[in-house]
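Sequence positions in the sequence shown follow the working numbering and run 440 to 489.
Glycine included, C-beta positions come from ideal geometry on N, C-alpha and C.
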Amino acid sequence: MSRKSKFIASVVSASKEELPTLPFQRGAARKAMFARIKAEAAQQPERKRA
């Protein structure tokens with residue numbers, strides 16, 4: 440197989456897989472992640488400071 444046909448085959452196989460999330464589609468997942476981190480931080484006891 441030539442380099443060009445290998446590249447075309449990899450692009451075709453990648454296109455048949457699940458599509459990656461685009462940057463504008465990540466908003467809800469990002470908000471959920473930050474909400475989870477904030478909730479976990481609120482549940483942890485206050486650290487004593489010296």
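So, with DSSP's three-state summary, where would you put M472? On the sequence shown, position 33 is the one that residue 472 refers to. In this structure, M472 counts as helix in the three-state DSSP scheme.
May I have the straight-line CA-CA distance separating I447 from R465, to the nearest angstrom? Locating residue 447 in the sequence shown gives position 8, where the first residue counts as 1. Locating residue 465 in the sequence shown gives position 26, where the first residue counts as 1. Those two C-alpha atoms are separated by around 28 Å.
Measuring straight from C-alpha to C-alpha, what distance separates R442 and F473? Within the sequence shown, residue 442 is the residue found at index 3, counting from 1. Within the sequence shown, residue 473 is the residue found at index 34, counting from 1. Their backbone Cα atoms lie some 43 Å apart in a straight line.
Helix, strand or coil for R486, going by three-state DSSP, please let me know. Locating residue 486 in the sequence shown gives position 47, counting from the first residue. Coil at R486, not helix or strand.
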